[in-house]
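J.:
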Ligand SMILES: [Zn+2]
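Numbering (our numbering), first residue to last: 1 to 51.
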């Protein structure tokens with residue numbers, strides 16, 4: 001099996017994923033995924049408040 005090294009956009013750490021799931025694996029852990037999703041929600045809310 002082939003492995004690909006990726007960099008997590010949330011915490012910046014490198015992690016290794018299987019090549020066939022590389023497109024789906026963006027964050028190193030589910031924790032970082034939830035942080036990313038929470039960030040998007042917060043940005044939307046702050047946009048609503050500023051408008
Ligand atoms: Zn991470």
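No residue lacks a Cβ here, since even glycine has one placed at the ideal position from N, Cα and C.
Since we're looking at a predicted model, the values are computed, not measured.
Can you check which of these residues, 16, 34, 29, is closest to residue 1 by C-alpha distance?
T.: The residue you call residue 1 lines up with position 1 of the chain shown. Nearest C-alpha to residue 1: 16.
J.: Just how far apart, CA to CA, sit residue 7 and residue 39?
T.: Translated into positions along the chain shown, residue 7 becomes position 7. Translated into positions along the chain shown, residue 39 becomes position 39. So the two alpha carbons sit approximately 18 Å from each other.
J.: Taking only the alpha-carbon atoms, compute the straight-line gap between residue 27 and residue 10 and give it to the nearest angstrom.
T.: To locate residue 27, count along the chain shown from 1; it is residue 27. To locate residue 10, count along the chain shown from 1; it is residue 10. Each residue's Cα considered, the two are about 7 Å apart.
J.: Grab me the residues of residue 35's own chain with a C-beta within less than 7 Å of its C-beta, minus the 5 sequence neighbours each way, in chain order.
T.: Within the chain shown, the letter at position 35 stands for residue 35. Excluding positions up to five away in sequence, the list reads 10.
J.: For the beta strand (DSSP E) that residue 20 lies in, which residues bound it at each end?
T.: Along the chain shown, one-based indexing puts residue 20 at 20. Here residue 20 belongs to no beta strand (DSSP E), and DSSP marks it neither H nor E.
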